[in-house]
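Same order as they appear, the protein sequences are chains A and B.
Just so we're aligned, residue -6 is where the first sequence starts under the numbering used here, counting upward by one.
Just so we're aligned, residue 262 is where the second sequence starts under the numbering used here, counting upward by one.
C-beta atoms are modelled at their ideal positions from N, C-alpha and C, and glycine is treated no differently.
Reviewing the structure listed below.
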Amino acid sequence: MSGEEFVPLSLTPLLIGTFAAIACALPGNFLVLRKQALIGDAISHVVLPGIVVAFLLTGAISTWPMMLGAAGAAVVAVVMIEAIRRLGQIEPGAAMGVVFTTMFAGGVLLLEQTDTSTVHLDVEHALYGNLESLIWLDAVGWSSLWDTEALAGLPPELPRIALTLIGVILFIWLFWRPLKISTFDEGFARTIGIRTGALGMALVIIAAIAAVAAFDAVGSIIVIAMFICPPAAARMMTNRLETQIAWSVGFAVLSAVSGYVLAGYGPLWLGSTDAVSAAGMIATMSGLILACAAVWGPCRNRAGAPGTA
Amino acid sequence: MLWDALTLQLGYNATLVAVGATLLGVSAGVTGTFLFLRKRALVSDAISHATLPGVCLAFMVLVAFGGDGRNLIGLLAGSAISAWIGLLCMNWLTRRTRLAEDAAIGAILSVFFGFGIVLLTVIQTMGVGRQAGLEGFLLGSTAGMLWADALIIAIGGAATLVLVMIIRRPMTMVAFDPEYAAARGLPVHRIDLAMMGLVMAVTVVGLKIVGLILIVALLIIPPVTARFWTDRSDRVVLLAGLAGGLAGYLGAALSASAPNLPTGPIIVLVSFAFFALSLLLAPVRGVLAAVLQHLKFQRRVHIRQGLLALAQDQKIYEPLTLRLLKRAGLARADGVATEAGKARAAKALRDEKRWEVVRADQAHEATAALYDGLRDIETVLTQDQITEIDRLIGGPQGVPS
């Protein structure tokens, strides 16, 4: 297809989807290794009450209050989970289940109670985002990439998610050694003076930031899928953390691009006229990649697991 | 209005919903208990999200064969099949690959849900219209509930309950000690699958009322609530059923009593209210009980230390200690011991000396380990042993006897 069509209609959603996928997959590697993979799931559920409260307070759909609301809700959720886990001596999974379902229910209730008919704010939007609508109308072709006037018309989600991605990369790059050590051997990390509690909290916060930024652009279903599927698939490919992260980024990009393309053009190839949900398709592709890795990946078995070679 | 709702006076639909929600709450609470005790509460999250593609596929098949796409039995059958496939995939991922259970849960949840959303958009473009009923499965929609729907929910819920009652013993054993259960010859893996199958049944039955996202709450919150009140697993099951049923009933009634109160979220919030109350008020495990326990301990420490100070003629400066001693009638406001106080103080000091002897003696090692500065020595040693120790300490010295 030509640049005149591709750049305004597909380039920005494709880039946003890819950036969001990488921004989630990077911290996801550590979360999967630390057995905290479901943090992404919890965060993406509690974001809903956060944005609804932000909307109620400001009365408008504006980005920054909503991002703040979502981040605030994520923090509230983390604190509540910890409090319930400690005060009630309940296992973390159940504490998480109590908190995120309740907050999600609260969000749905608030949404039903307020008059949001004039604005575009509903549960479906929160769940599967609207990747297809993030188009770049000012662009006329590849040349627009050097045209400052057209660049000003970029959907604001693109710079935001790019910035988030840079932040995530910086965090992982700066704290690479402590992160790696504390992920694999928390006791050892503590003896050599790494503050594992603070580091674990920082990782969760980074994950929450990535989730909220990605959620804003692509909806919560991609967030959960990208936190878990690419890192989990990468885990089957290698035993080295560096290689695993490289694989996971590759898988994230692959599922974002293939998912977007299949959602946009797949139905056309099959003779249908309308596209299907890109967010859902990206999640599905990441699942297919995971399935392939689980069946053929060279390191799919637990080391020392009884004879399943 | 609320009273009318609670007594089922708000008309046919509201009554159907209330009865259905109560039954659903009971069966979800009872089934969820085993999941919670097995420490796999979030598996229900994966199962419930995995129902979506099945619902969509069932809808497409029904429409393709010219039927009504919203036939509840067809949709529920479809959702059960896809949830079962998701469950098997998750089991395979955890058993046959290196992935931990949480990663497997998250992967199944997001991929199945994502695929379901793809199918939803396909249905939207099929031009059949009427897919609005399907979106209702996300968050539940009770508005158009029919007698037949309520009947399906009632039968499904009751069947689940009966099954749980039949296999509750092996499930309890597997939940508490899978190795022991395996050693006893129980098929642990198959019992686990049965447990998940029951959870799946509850999820499918609950799709219509609370929707697939919030059914997780009904499976997790009531068992957690019940766990606060008792340490016996059979009572946890009963209480969880009770809490779930009450939450379902109250939630349905509340949501019928005013407009814009969606049933599913209200039920979840009511059951969270039960949880919060239990967290605060439950005996032994509740926060309030813990605080009271701590205060009681603090008082005992203060009184003990105060008595020791009195016995050694030291002045007490700590106001709390003085106040507690005064309230117990052991000291006067100026810190001088009363007669009762003197007696108790002498006893405390003597006990302390007795403990000293016990702790110095290797033969009393096990007893000495119980020393915490508060325990009365009579509760750990016999009268004969104490007499023996007193003989070692000897009588008062420096005064003619």
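Within-9 Å CB hit, residue i to chain B
{"i": "residue 285(A)", "result": "no"}
{"i": "residue 194(A)", "result": "no"}
{"i": "residue 55(A)", "result": "no"}
{"i": "residue 295(A)", "result": "yes"}
{"i": "residue 43(A)", "result": "no"}
{"i": "residue 229(A)", "result": "yes"}
{"i": "residue 260(A)", "result": "yes"}
{"i": "residue 9(A)", "result": "no"}
{"i": "residue 210(A)", "result": "no"}
{"i": "residue 58(A)", "result": "no"}
{"i": "residue 273(A)", "result": "yes"}
{"i": "residue 224(A)", "result": "yes"}
{"i": "residue 178(A)", "result": "no"}
{"i": "residue 75(A)", "result": "no"}
{"i": "residue 82(A)", "result": "yes"}
{"i": "residue 126(A)", "result": "no"}
{"i": "residue 105(A)", "result": "yes"}
{"i": "residue 329(A)", "result": "Because chain A in this structure spans residues -6 to 302, residue 329(A) falls outside the shown range and cannot be described."}
{"i": "residue 277(A)", "result": "yes"}
{"i": "residue 215(A)", "result": "yes"}
{"i": "residue 290(A)", "result": "yes"}
Identity of the residues DSSP links to residue i by a beta bridge
{"i": "residue 598(B)", "result": "592(B)"}
Min CB distance residue i to chain A below 9 Å
{"i": "residue 371(B)", "result": "yes"}
{"i": "residue 353(B)", "result": "yes"}
{"i": "residue 474(B)", "result": "yes"}
{"i": "residue 382(B)", "result": "yes"}
{"i": "residue 339(B)", "result": "no"}
{"i": "residue 378(B)", "result": "yes"}
{"i": "residue 548(B)", "result": "yes"}
{"i": "residue 274(B)", "result": "no"}
{"i": "residue 561(B)", "result": "no"}
{"i": "residue 332(B)", "result": "no"}
{"i": "residue 367(B)", "result": "yes"}
{"i": "residue 481(B)", "result": "yes"}
{"i": "residue 411(B)", "result": "no"}
{"i": "residue 484(B)", "result": "yes"}
{"i": "residue 439(B)", "result": "no"}
{"i": "residue 535(B)", "result": "no"}
{"i": "residue 602(B)", "result": "no"}
Bounding residues of the alpha helix (DSSP H) (the contiguous stretch that carries residue i)
{"i": "residue 501(B)", "result": "494 to 518"}
{"i": "residue 28(A)", "result": "It is not in any alpha helix (DSSP H) - residue 28(A) carries neither H nor E in the DSSP assignment."}
{"i": "residue 355(B)", "result": "333 to 357"}
{"i": "residue 240(A)", "result": "234 to 262"}
{"i": "residue 450(B)", "result": "449 to 488"}
{"i": "residue 565(B)", "result": "548 to 572"}
{"i": "residue 317(B)", "result": "312 to 325"}
{"i": "residue 301(B)", "result": "Unbroken run through residue 301(B): none, as it is neither H nor E."}
{"i": "residue 643(B)", "result": "That residue, residue 643(B), is in no alpha helix (DSSP H); it is neither H nor E in DSSP."}
{"i": "residue 441(B)", "result": "439 to 444"}
{"i": "residue 50(A)", "result": "32 to 51"}
{"i": "residue 491(B)", "result": "It is not in any alpha helix (DSSP H) - residue 491(B) carries neither H nor E in the DSSP assignment."}
{"i": "residue 273(A)", "result": "271 to 289"}
{"i": "residue 0(A)", "result": "Premise fails: residue 0(A) is in no alpha helix (DSSP H) and is neither H nor E."}
{"i": "residue 222(A)", "result": "213 to 228"}
{"i": "residue 96(A)", "result": "85 to 106"}
{"i": "residue 77(A)", "result": "56 to 81"}
{"i": "residue 635(B)", "result": "Looking at the DSSP string, residue 635(B) is not in any alpha helix (DSSP H), and its letter there is neither H nor E."}
{"i": "residue 417(B)", "result": "408 to 427"}
{"i": "residue 537(B)", "result": "524 to 542"}
Members of the stretch 488 to 511 of chain B that neighbour chain A once the beta carbon cut-off is set at 8 Å: For the stretch 488 to 511 of chain B, residues whose beta-carbon sits nearer than 8 Å to a beta-carbon of chain A comprise 488, 489.
At least 3 beta-carbon pairs within less than 8 Å: the stretch 367 to 387 of chain B vs the stretch 215 to 222 of chain A: yes
Contact between the stretch 343 to 355 of chain B and the stretch -1 to 9 of chain A (3+ Cβ pairs under 8 Å): The stretch 343 to 355 of chain B makes no contact with the stretch -1 to 9 of chain A: fewer than 3 CB pairs, one atom from each, lie closer than 8 Å.
Cβ-based contacts, 8 Å cut-off: residues of the stretch 295 to 313 of chain B near chain A: If you check each beta-carbon in the stretch 295 to 313 of chain B against every beta-carbon of chain A, the ones closer than 8 Å belong to 297, 300, 301, 302, 303, 305, 306.
At least 3 beta-carbon pairs within less than 8 Å: the stretch 624 to 633 of chain B vs the stretch 542 to 558 of chain B: Under the Cβ criterion (8 Å, minimum of three pairs), the stretch 624 to 633 of chain B does not count as touching the stretch 542 to 558 of chain B.
Cβ contact (3+ pairs, closer than 8 Å) linking the stretch 98 to 105 of chain A and the stretch 67 to 87 of chain A: no
Segment contact, 8 Å Cβ cut-off, at least three pairs: the stretch 126 to 138 of chain A with the stretch 59 to 72 of chain A: In this structure the stretch 126 to 138 of chain A does not lie against the stretch 59 to 72 of chain A, because fewer than three pairs of beta carbons, one per stretch, are closer than 8 Å.
Cβ pair count under 8 Å reaching 3, the stretch 394 to 410 of chain B against the stretch 516 to 528 of chain B: yes
Near-chain B residues of the stretch 16 to 43 of chain A (beta-carbon distance less than 8 Å), N- to C-terminal order: 25, 28, 29, 30, 31, 33, 34, 38
Members of the stretch 449 to 475 of chain B near chain A, C-beta cut-off 8 Å: 474, 475
Stretch-stretch touch, CB-based, cutoff 8 Å, three pairs: the stretch 414 to 432 of chain B with the stretch 461 to 472 of chain B: Yes, since at least three Cβ pairs between the stretch 414 to 432 of chain B and the stretch 461 to 472 of chain B fall closer than 8 Å, the two stretches touch.
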